[in-house]
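K.L.:
If you read the sequence shown in UniProt numbering, its first letter stands for residue 1, the second for the next number, and so on. Questions regarding the structure given below will be posed in turn.
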Amino acid sequence: MKNAANALLNRLEFPVLLAGLVIAGGLWGFEELMEVARATTPHAFDTEILLAFRQAGQPGVPIGAPWLEGAMRDITSLGSVSVLVLITAATIIYLLLIRRPATAFLIFVAVAGGQALSSLLKVGVDRPRPELVSHLVTETSLSFPSGHAMLSAVTYLTLGSLAARFLPGRTTKVYVLSLAVLTTLLVGVSRIYLGVHWPSDVLAGWCAGFAWAMLCWLVARLLQRRKVVDDDA
Numbered sequence: 001m002k003n004a005a006n007a008l009l010n011r012l013e014f015p016v017l018l019a020g021l022v023i024a025g026g027l028w029g030f031e032e033l034m035e036v037a038r039a040t041t042p043h044a045f046d047t048e049i050l051l052a053f054r055q056a057g058q059p060g061v062p063i064g065a066p067w068l069e070g071a072m073r074d075i076t077s078l079g080s081v082s083v084l085v086l087i088t089a090a091t092i093i094y095l096l097l098i099r100r101p102a103t104a105f106l107i108f109v110a111v112a113g114g115q116a117l118s119s120l121l122k123v124g125v126d127r128p129r130p131e132l133v134s135h136l137v138t139e140t141s142l143s144f145p146s147g148h149a150m151l152s153a154v155t156y157l158t159l160g161s162l163a164a165r166f167l168p169g170r171t172t173k174v175y176v177l178s179l180a181v182l183t184t185l186l187v188g189v190s191r192i193y194l195g196v197h198w199p200s201d202v203l204a205g206w207c208a209g210f211a212w213a214m215l216c217w218l219v220a221r222l223l224q225r226r227k228v229v230d231d232d233a
């Protein structure tokens, strides 16, 4: 039994093992946060963090210099459906132009699937937007999980991992992937700052988004290994 386990570990590459850990951790985290979202009263850490982004005793006034609110609005737009669709469409068209339809299709499935999953999860949990602080942008959809946080993770991590495959050197690969993660994190934080999501909504969006992106990456890797996708040499 021990020898079989060691043989299995030797066959697994570190990126695959790491992706598996991200998926498992994301699913576990999402399940725990879903319990928080379904509670009848907001969790203490949700209210404390949300109020930390407001002036003391003034739930309608965000912290920071006046320009910070505008910056957060700009950052949050990086996770909007329109921006993500534009980025994804531009990438897919480029891949079709260079005759890599399989990769284009995989990206479409990853992003479109993430959008569908996000919508289903919102309806399933049915959590309203926080009313503890004023909303600095207008939102009409349900709150849990944060679609901006989840779809940013799905889109930017998927595109980042794709770009890393064609970049020379480990440093540039790490830079691109780090930039994708940083953008995702900033979008999530902006949602809390603007008062349109509970922190648990954003954490759940990150958990689901990272898990979905890693799952899609594993599927793409498996298809390439089995020569199902053979146009991406």
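Even glycine gets a Cβ: it sits at the ideal position worked out from N, Cα and C. Fair warning: this is a prediction, and the values are worked out from it, not measured in the lab.
Going by the DSSP bridge assignment, what does R54 pair with across the sheet?
P.N.:
R54 is bridged to P62.
K.L.:
Using beta-carbon positions only, say whether W198 and S143 come within less than 8 Å of one another.
P.N.:
Going by C-beta atoms, W198 is nearer than 8 Å to S143.
K.L.:
What separation, rounded to the nearest whole angstrom, lies between the Cα atoms of M72 and F53?
P.N.:
Those two C-alpha atoms are separated by around 12 Å.
K.L.:
Name the two residues that bound the continuous alpha helix (DSSP H) containing L97.
P.N.:
81–97 is the span of the alpha helix (DSSP H), which, as asked, contains L97.
K.L.:
Using 8 Å for Cβ pairs, my map puts L159 next to T91. What's the rounded Cβ distance?
P.N.:
Contact holds; Cβ gap of about 6 Å.
K.L.:
Comparing alpha-carbon positions, which option in L162, A149, C207 lies nearest F108?
P.N.:
It is L162 whose Cα lies nearest to the Cα of F108.
K.L.:
What are the complete beta strand (DSSP E) segments, minimum 3 residues, inside the segment 156–212?
P.N.:
Complete beta strand (DSSP E) runs here, min 3: none at all.
K.L.:
Starting from P101 and walking both ways along the alpha helix (DSSP H), at which residues does that stretch end?
P.N.:
It spans 101–125 - the alpha helix (DSSP H) in which P101 sits, taken as one unbroken run.
K.L.:
To the nearest angstrom, report how far apart V83 and A112 are at their CA atoms.
P.N.:
Near 14 Å, if we compare the C-alpha coordinates of A112 and V83.
K.L.:
Express the C-alpha separation of T140 and T127 in angstroms, rounding to a whole number.
P.N.:
Looking at the sequence provided, one finds Arg at residue 127 rather than Thr. Cα to Cα, R127 sits roughly 12 Å from T140.
K.L.:
Among the residues of its own chain, which have a CB less than 6 Å from the CB of M150, if the five just before and after it don't count?
P.N.:
Same-chain partners within the cutoff: S118, G205, A208, G209.
K.L.:
For a minimum of 3 consecutive residues, which ranges assigned as the beta strand (DSSP E) are wholly contained in the segment 14–56?
P.N.:
DSSP runs (the beta strand (DSSP E)) wholly in the segment 14–56: none.
K.L.:
Are there 16 or more other CB atoms within 10 angstroms of the CB of I63, so buried, or fewer, so exposed?
P.N.:
By the neighbour-count rule (16 or more Cβ atoms within 10 Å), I63 is not buried but exposed.
K.L.:
For A19, which residues in the same chain have their Cβ closer than 7 Å to its Cβ, ignoring the five residues on either side in sequence?
P.N.:
Same-chain partners within the cutoff: M214, W217, L218.
K.L.:
Could you compute how far the alpha carbon of G60 sits from the alpha carbon of T40?
P.N.:
So the alpha carbons of these two residues sit roughly 24 Å apart.
K.L.:
On a CA-only basis, which of V85, A102, S77, L51 is nearest Q224? Give me that one, please.
P.N.:
Among V85, A102, S77, L51, the Cα nearest to that of Q224 is on A102.
K.L.:
Excluding the 5 residues flanking V123 on each side, which residues of the same chain have their C-beta closer than 8 Å to its C-beta?
P.N.:
Here the set comprises L142.
K.L.:
In three-state DSSP terms, what is R129?
P.N.:
R129 falls in the coil class under three-state DSSP.
K.L.:
Buried or exposed for D201, going by 16 or more other Cβ atoms inside 10 Å?
P.N.:
With 16 or more Cβ atoms within 10 Å of its Cβ, D201 is classed as buried.
K.L.:
Looking only at its chain, what residues have a beta carbon closer than 7 Å to the beta carbon of I192, apart from the 5 residues adjacent to it on each side?
P.N.:
Cβ neighbours of I192 beyond the five flanking positions: I49, L50, F53, P199, V202.
K.L.:
Alpha carbon to alpha carbon, what distance is there between W67 and E13?
P.N.:
If you take the alpha carbons of E13 and W67, they lie about 46 Å apart.
K.L.:
Among L222, W212, L186, R221, which has the Cα closest to the Cα of S77?
P.N.:
Cα-wise, what sits closest to S77 is L186.
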